[in-house]
Amino acid sequence: MEKQEKIAVPSLLLALLWTYTGLDKLLRWEASRKAFHNQTFPAEVAEVLAYAVPIVELLITLLLLFSVSRWWGYLSSILLLTVFTTYVGLIWVGAFPRVPCNCAGILESLGWAEHFMLNLLMLAMGIYGLHQNQMKKPKEFTSGFQGVKF
16 MEKQEKIAVP SLLLALLWTY TGLDKLLRWE ASRKAFHNQT FPAEVAEVLA YAVPIVELLI
76 TLLLLFSVSR WWGYLSSILL LTVFTTYVGL IWVGAFPRVP CNCAGILESL GWAEHFMLNL
136 LMLAMGIYGL HQNQMKKPKE FTSGFQGVKF
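My numbering applies: residue 16 is where the sequence shown begins, and numbers increase by one.
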């Protein structure tokens with residue numbers, strides 16, 4: 016498999032994940048908004064997240080689709096998946112007094128262990144993609160630092 020193909024597979028899979036989850040939250044807006052308000056954080060935070068999360072998910076999709084921004088898409092995916100995986104892991108081990116959920120579509124049918132494993136798999140995909148894409152890190156951020164390794 017050529018290097019270009021290795022880079023394309025993780026970005027495509029992550030872009031599909033973010034497109035699916037982001038659009039699902041927007042298409043089922045009221046249910047999604049209510050689900051955010053069912054979470055364990057304050058209502059003000061839930062309201063902001065109800066808008067921010069699907070928008071961020073779709074923006075990450077755009078970052079992953081273009082080679083010039085793919086590095087940022089992988090990094091954003093890793094960060095967001097780390098937050099989601101941590102949250103799912105805390106729910107799975109019973110760290111919250113009730114079981115909140117704001118999963119998209121078919122992900123709602125997964126148990127917490129399966130959801131955690133899926134998130135870990137996608138997180139690994141992001142790390143792999145970032146590693147494979149390391150040589151394509153945006154040049155404008157590194158060109159001014161001659162001799163410094165990033």
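Backbone N, C-alpha and C define an ideal beta-carbon position, used for all residues, glycine too.
- For GLN147, the uninterrupted alpha helix (DSSP H) run begins and ends at 127-147, by DSSP.
- With a beta-carbon spacing of about 5 angstroms, SER91 and ILE75 fall inside the 8 angstroms limit used to define contacts.
- In terms of CA proximity to TRP86, LEU145 leads the group VAL24, ALA23, LEU145, PRO25.
- Here VAL98 is exposed, its C-beta having fewer than 16 other C-beta atoms within 10 Å.
- Straight-line measurement puts the Cα of PRO112 at about 31 angstroms from the Cα of LEU29.
- Bounds of the alpha helix (DSSP H) holding ARG85 are 85-107.
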